[in-house]
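Trainee: Residue numbers (our numbering): 13 to 408.
Beta carbons are placed, not taken as given, at the ideal position from N, Cα and C, and that holds for glycine.
Please see the structure below; I have some questions.
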């Protein structure tokens, strides 16, 4: 089996449980490792650190699966997927009013590179490394055995495929090729999202808990759901008793889909869906005196650590508009899905954005991704989703 040796000074994070070996940490590769091969990882003295899968074209050279001499074989993959399913059952997922959840969350389920989302009777996957791609048959077989889905849909991005050196699958890879939409329920709200609308695997399950909190806070309030996609925060707010909800997104098909979902759930009288730039919408709302609750969940602004500095400036500008759109005394839900930006940095961007418009933001709550998106304690990068709920006041 090929051998990867880690440089002196780079061993400690891996020793304490970090699942990644970066390219700059690699001292040498012996044995002719090919993309996706299983490799043994050792320290400079030759002590075994574990087995992983090799990605020579990625900044992450090896993703570790075991911490001993166990092989990364079909039996290991099957057992890890089954264990992930057991963990979700402990979380009561699926439940009587929720049929959309994350079954496998990469490193959080000791399956780096693999994302598996359940959306009703459909399973969506992302195969984010060449090693996982080479083992897709075992993965699909186990999903079919455990869940018996109507279809398995491959939602691996072209960018990931290009980076890792493989051609991603597209659309339905197992099951009903006539599949046209994802149909599922979250907290009693019925969704039907055409396949061509879906972002990432098709829906953002990671915000489930925060949507529930927004529903609790929304009663009697006027709400703006910025960067809405299909308006799931707005739908939660309307279900929670908001007096009026405006959901905005730049995607015409996403916002049209959201309007259909609202109508199907009897919420359309309380909701308004607009195809509009989120920053423009927030500025427009601010000129009208603001609303009682703003949900601001922008797309990833820092895709890498290299982009972090520019992203912090962008979050400050977004926070500036979001604070202006929130009436004095109102609530702002401010989110970041950028793994390179931590909670404190998000709060700092909010503080600066608020001061730019002569307002103060008081943090009431901090939130992270839903519990079906677990994170190893030794892997802080995995805690990618950060959100705060703040009360926004005019400077006194």
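Contact criterion: CB-CB distance below 7 Å. Does residue 171 meet it with respect to chain B?
Mentor: Absent here is chain B; the protein component of the structure consists of one chain.
Trainee: By Cβ distance, which residues of its chain are closer than 7 Å to residue 221, with the 5 residues on each side in sequence left out?
Mentor: 379, 382
Trainee: Between which two residues does the alpha helix (DSSP H) containing residue 86 stretch?
Mentor: 86–102
Trainee: Write down every uninterrupted run of the alpha helix (DSSP H) in the segment 262–326 whose length is 4 residues or greater and which is fully enclosed by it, in chain order.
Mentor: 264–276, 290–299
Trainee: Am I right that residue 194 and residue 134 are in contact with their C-beta atoms under 8 Å? What's the rounded C-beta distance?
Mentor: 6 Å
Trainee: Considering only residues of the segment 143–174, which uninterrupted alpha helix (DSSP H) runs meet the minimum length of 4 residues and lie entirely inside it, listed in chain order?
Mentor: 148–159
Trainee: Which residue comes first and which comes last in the beta strand (DSSP E) that contains residue 79?
Mentor: Here residue 79 belongs to no beta strand (DSSP E), and DSSP marks it neither H nor E.
Trainee: For residue 235, collect the residues of the same chain with a Cβ closer than 6 Å to its Cβ; drop the 5 residues on either side in sequence, then sort them by chain order.
Mentor: Once the five neighbours on either side are set aside, the close Cβ partners of residue 235 are 249, 254, 257, 305.
Trainee: Whether or not the segment 86–99 and the segment 121–138 are in contact is what I'm after, with contact meaning three or more pairs of Cβ atoms, one per stretch, closer than 8 Å; do they touch?
Mentor: yes
Trainee: So, do the segment 175–191 and the segment 138–156 have three or more beta carbon pairs nearer to each other than 8 Å?
Mentor: With the cut-off at 8 Å, the segment 175–191 and the segment 138–156 touch.
Trainee: Can you list, in chain order, the residues of its chain whose CB lies under 7 Å from that of residue 211, leaving out five sequence neighbours each side?
Mentor: Listed in chain order, the non-local C-beta contacts of residue 211 below 7 Å within the same chain comprise 241, local neighbours out to five positions each way being set aside.
Trainee: Between which two residues does the alpha helix (DSSP H) carrying residue 244 extend?
Mentor: 244–251
Trainee: If residue 259 and residue 270 are in contact, beta carbons under 8 Å, what's the gap, nearest whole angstrom?
Mentor: 6 Å
Trainee: Could you check where the beta strand (DSSP E) with residue 131 kicks off and where it finishes?
Mentor: Unbroken beta strand (DSSP E) run through residue 131: 126–131.
Trainee: Give the DSSP bridge partners of residue 66, in chain order.
Mentor: 74
Trainee: First and last residue of the beta strand (DSSP E) that includes residue 370?
Mentor: Following the DSSP letters along the chain, one finds residue 370 in no beta strand (DSSP E), marked with neither H nor E.
Trainee: Identify which residue in 71, 216, 184, 373 has its Cα closest to the Cα of residue 311.
Mentor: Comparing Cα-Cα distances from residue 311 to each of 71, 216, 184, 373, the minimum goes to 216.
Trainee: What are the start and end residues of the alpha helix (DSSP H) that includes residue 225?
Mentor: Per DSSP, residue 225 is one residue of the alpha helix (DSSP H) stretching across 220–229.
Trainee: Using the Cα positions of residue 398 and residue 353, report the straight-line distance between them to the nearest angstrom.
Mentor: 9 Å
Trainee: The alpha helix (DSSP H) that contains residue 27, what's its start and end?
Mentor: 23–27
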